[in-house]
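Peer 1: Take a look at the following structure, please.
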């Protein structure tokens, strides 16, 4: 077997992308999920629908809009290149933005469900005992929602690993910057390099299975604290 | 008499209940029975030749009433699909290697290969003055972030771009700025959307009447890369399809040659 031809750079890049994306997704997703779980606002269904859009839209639609958005005249691309001097398209930062949009529902939805299941009462109890809102969130809601957090992190991570169509459209396949494992596999299959395609695909298959297995096992074990 | 009326009422009710199902079935039948043509041929085409092929197919359809179904992609991808049993009948590749391999594997009809076009590459930017007249100075000045090329492994136009950069001794120093399109169409789209500053695209894409942007370009001298002879073959799947043979003959006639030249391709070299 020709192991020399197997390149580990895309694997590292993919892991880096998935981890960064999950980080960004938590920062963006937790407030959205929290707001969705506790608001009585009339625009809630609209926000819910927007968050769920990446589930139903083909990656080509996301990819098409992202190309425009990240491009030199796009809403994101223009300010970014004005600030940093670098274009956003074909960059790692651009891929992180793409993956964040693409995996958003996978993080927001589990969090939303858990926050909703916990409800307001544990928080209200904490407030009456003198905890600040921030305190109550960190010391009461977060431990209670542990299961939701784990599900959100793992699904967001795994879904970003499996990203393909969007990256194919906006990535540009630059080694070390935007050439992720799924694109590498595609290239191998196209050039009939089946050995490498087998190794990478098999690896991804086993890895993804293990990740999901971990979530489902943990989900069984972790007690549900919901009142 | 009364019971008879009752029966009619019941039947009517049932029919009414069936109505949605009925409409659904009619819709299904309409969808599945899309208009039928006398004959049909499935043509797989390298994406650089998609638009000229569309023009050629339209005139063929008008003359014969037969339908040409077009599938486009990179030569490498289409080749892999054919090897795995894709139901294509004619393959218009962007090189000679892939059709020759298909002949060797017995997947193409013997002696059906001919060179239908000779591709040319150009360095192009949609911006005026971005690419200098000789192009080389533009490449050497490196005043760009991203240079788009097609995947050199799968797309012959990408391979020609790589040969050009290697000939100029710029391949290694520009490597970090290269962005790769999956095929020459995507490469063109990267440049025309200005996500990449400039790129090596097919001359035919710049000359395409659908492309309104003129910009600036440098036609790469043909001595810089191996000629991109694009070969067509009839595939084994088409053995009994007379439409496929008719289209293959038509491709070698006067009108297609005009279209091919208008798009900036070199003349086909018969038997090459």
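Chains as they are written, first to last, in the working numbering: chain C, 29 to 255; chain D, 82 to 353.
The beta carbon of each residue, even a glycine, is placed where N, CA and C say it ideally should be.
1. Indicate whether the contact test is met: 3 or more Cβ pairs, each with one atom in the segment 205–212 of chain D and one in the segment 293–311 of chain D, closer than 8 angstroms.
2. Going along the chain, which unbroken runs of the alpha helix (DSSP H) with 4 or more residues stay wholly within the segment 105–159 of chain C?
3. For chain C, find out if any of its Cβ atoms is closer than 9 angstroms to the Cβ of residue 164 of chain D; answer yes or no.
4. For a contact defined as C-beta to C-beta under 7 angstroms, what are the partners of residue 226 of chain C on chain D?
5. Please tell me whether residue 163 of chain C has its Cβ less than 9 angstroms away from any Cβ of chain D.
6. Is the segment 190–209 of chain C close to the segment 118–137 of chain C, with three or more CB pairs under 8 angstroms?
7. Three-state secondary structure (DSSP) at residue 259 of chain D?
8. Taking 9 angstroms as the CB-CB cut-off, is residue 328 of chain D touching chain C?
9. Going by DSSP, what residue range makes up the beta strand (DSSP E) through residue 153 of chain D?
10. Under a CB-based cut-off of 9 angstroms, is residue 200 of chain C close to chain D?
11. For residue 290 of chain D, does the count of other Cβ atoms within 10 angstroms reach 16, so buried, or fall short, so exposed?
12. Which two residues bound the contiguous beta strand (DSSP E) that contains residue 312 of chain D?
13. Note down, one range per segment and in chain order, each beta strand (DSSP E) of at least 3 residues found wholly within the segment 176–258 of chain D.
14. Note down, in chain order, all residues in the segment 148–163 of chain D with a beta-carbon under 8 angstroms from any beta-carbon belonging to chain C.
15. Are the CB atoms of residue 230 of chain D and residue 260 of chain D within a distance shorter than 9 angstroms?
16. By the DSSP assignment, the beta strand (DSSP E) with residue 299 of chain D in it spans what residues?
17. Looking only at C-alpha atoms, which of D:85, D:91, D:148 and D:128 sits nearest to residue 327 of chain D?
18. What residue does the alpha helix (DSSP H) around residue 136 of chain D start on, and which one ends it?
19. Taking the alpha carbon of residue 54 of chain C as the reference point, which residue from C:45, C:83 and C:136 has its own alpha carbon closest?
20. Which residues share a DSSP beta bridge with residue 157 of chain D?
21. Name the two residues that bound the continuous beta strand (DSSP E) containing residue 280 of chain D.
22. So within the segment 50–91 of chain C, which uninterrupted beta strand (DSSP E) runs reach at least 3 residues, ignoring any that extend past its ends?
23. Buried or exposed: which applies to residue 97 of chain D, given that a residue is buried once 16 or more other Cβ atoms fall within 10 Å of its Cβ?
24. Going by DSSP, name the residue or residues bridged to residue 121 of chain D.
25. Please go through the same chain and pick out, in chain order, the residues whose beta-carbon is closer than 6 angstroms to the beta-carbon of residue 337 of chain D, but skip the five residues on each side of it.
26. By alpha-carbon positions, which one of D:304, D:235 and D:270 ends up nearest to residue 246 of chain D?
27. Comparing C-alpha positions only, which one of C:115, C:65, C:216 and C:243 sits nearest to residue 100 of chain C?
28. Answer with yes or no whether the minimum CB distance from residue 271 of chain D to chain C is below 9 angstroms.
29. Below 8 angstroms, how does it come out for the segment 309–318 of chain D and the segment 170–187 of chain D: are there three or more Cβ pairs, yes or no?
30. Tell me which residue opens and which closes the beta strand (DSSP E) that residue 211 of chain C is part of.
31. Mind checking if residue 99 of chain C is an interface residue toward chain D, Cβ cutoff 9 angstroms exclusive?
32. Using a cut-off of 8 angstroms between C-beta atoms, extract the partners of residue 127 of chain C located in chain D.
33. From the beta carbon of residue 49 of chain D, is the nearest beta carbon of chain C less than 9 angstroms away?
34. Here's the rule I'm using: 16 or more other beta-carbon atoms within 10 Å means buried, otherwise exposed. How should residue 216 of chain D be labelled?
35. Do residue 123 of chain C and residue 50 of chain C count as a contact pair if the criterion is CB distance below 9 angstroms?
36. Taking CB distances under 9 angstroms as the criterion, tell me whether residue 95 of chain C reaches chain D.
Peer 2: Per the coordinate set shown:
1. yes
2. 105–112, 120–146 and 149–156
3. Residue mapping note: residue 164 of chain D aligns to position 83 of the second chain, counting from 1. At least one chain C Cβ lies under 9 angstroms of residue 164 of chain D.
4. As a first step, residue 226 of chain C must be located in the first chain, where it is residue number 198. Those do not exist, as residue 226 of chain C stays about 15 angstroms from chain D at its closest Cβ, beyond 7 angstroms.
5. Counting from 1 along the first chain, the entry for residue 163 of chain C is found at position 135. So no, residue 163 of chain C is outside the interface.
6. yes
7. Here the question's residue 259 of chain D lines up with position 178 in the second chain. Reduced to three states, the DSSP call for residue 259 of chain D is strand.
8. Here the question's residue 328 of chain D lines up with position 247 in the second chain. Answer no: the Cβ-Cβ gap between residue 328 of chain D and chain C never drops below 9 angstroms.
9. Within the second chain, the letter at position 72 stands for residue 153 of chain D. Here the beta strand (DSSP E) through residue 153 of chain D covers 148–154.
10. To locate residue 200 of chain C, count along the first chain from 1; it is residue 172. Closer than 9 angstroms: yes.
11. In the second chain, residue 290 of chain D corresponds to position 209, counting from 1. Its Cβ having fewer than 16 others within 10 Å, residue 290 of chain D is exposed.
12. Counted from its first residue, the second chain places residue 312 of chain D at position 231. First-last of the beta strand (DSSP E) with residue 312 of chain D: 309–315.
13. 195–200, 202–206 and 228–231
14. 155, 157, 158 and 161
15. Counted from its first residue, the second chain places residue 260 of chain D at position 179. Counted from its first residue, the second chain places residue 230 of chain D at position 149. Taking 9 angstroms as the Cβ cut-off, residue 260 of chain D and residue 230 of chain D qualify as a contacting pair.
16. As a working note, residue 299 of chain D is residue 218 in the second chain. Its beta strand (DSSP E) spans residues 297–300.
17. Residue numbering aside, residue 327 of chain D sits at position 246 when the second chain is read from its first letter. Checked all of D:85, D:91, D:148 and D:128; the closest Cα to residue 327 of chain D is D:148.
18. The sequence position of residue 136 of chain D within the second chain is 55, counting from 1. Start and end: 131–145.
19. Within the first chain, the letter at position 26 stands for residue 54 of chain C. Closest by alpha carbon: C:136.
20. Residue 157 of chain D sits at position 76 when you count from the first residue of the second chain. DSSP output for residue 157 of chain D lists no bridge partner at all.
21. Looking up residue 280 of chain D in the second chain gives position 199. Taken as a continuous stretch (DSSP letters only), the beta strand (DSSP E) holding residue 280 of chain D covers 279–283.
22. none
23. Taking the second chain and counting its residues from 1, one reaches residue 97 of chain D at position 16. Exposed is the call here.
24. Position 40 of the second chain, counted from the start, is the residue given in the question as residue 121 of chain D. Paired residues: D:148.
25. Taking the second chain and counting its residues from 1, one reaches residue 337 of chain D at position 256. Only 137 meet the Cβ criterion.
26. Within the second chain, the letter at position 165 stands for residue 246 of chain D. Of the listed residues, the one whose Cα sits closest to residue 246 of chain D is D:304.
27. Working through the first chain from its first residue, we reach residue 100 of chain C at position 72. Considering only alpha carbons, the answer is C:115.
28. As a position in the second chain, residue 271 of chain D is number 190, starting the count at 1. Yes, because at least one Cβ of chain C sits closer than 9 angstroms to the Cβ of residue 271 of chain D.
29. yes
30. Within the first chain, residue 211 of chain C is the residue found at index 183, counting from 1. No beta strand (DSSP E) contains residue 211 of chain C, which is instead part of the alpha helix (DSSP H) from 209–218.
31. Translated into positions along the first chain, residue 99 of chain C becomes position 71. Yes, because at least one Cβ of chain D sits closer than 9 angstroms to the Cβ of residue 99 of chain C.
32. Here residue 127 of chain C refers to the residue found at position 99 when the first chain is read from its first residue. Residues of chain D passing the Cβ test: none, with the nearest at roughly 18 angstroms.
33. Chain D is shown from 82 up to 353; residue 49 of chain D falls before or after that span and cannot be answered.
34. Against the second chain, residue 216 of chain D aligns to sequence position 135. So residue 216 of chain D ends up on the buried side.
35. Position 22 of the first chain, counting from 1, holds the residue named residue 50 of chain C. Position 95 of the first chain, counting from 1, holds the residue named residue 123 of chain C. Contact flag unset, no.
36. Here residue 95 of chain C corresponds to residue number 67 of the first chain, with the count starting at 1. For residue 95 of chain C, the answer is yes, since a Cβ of chain D falls inside 9 angstroms of its Cβ.
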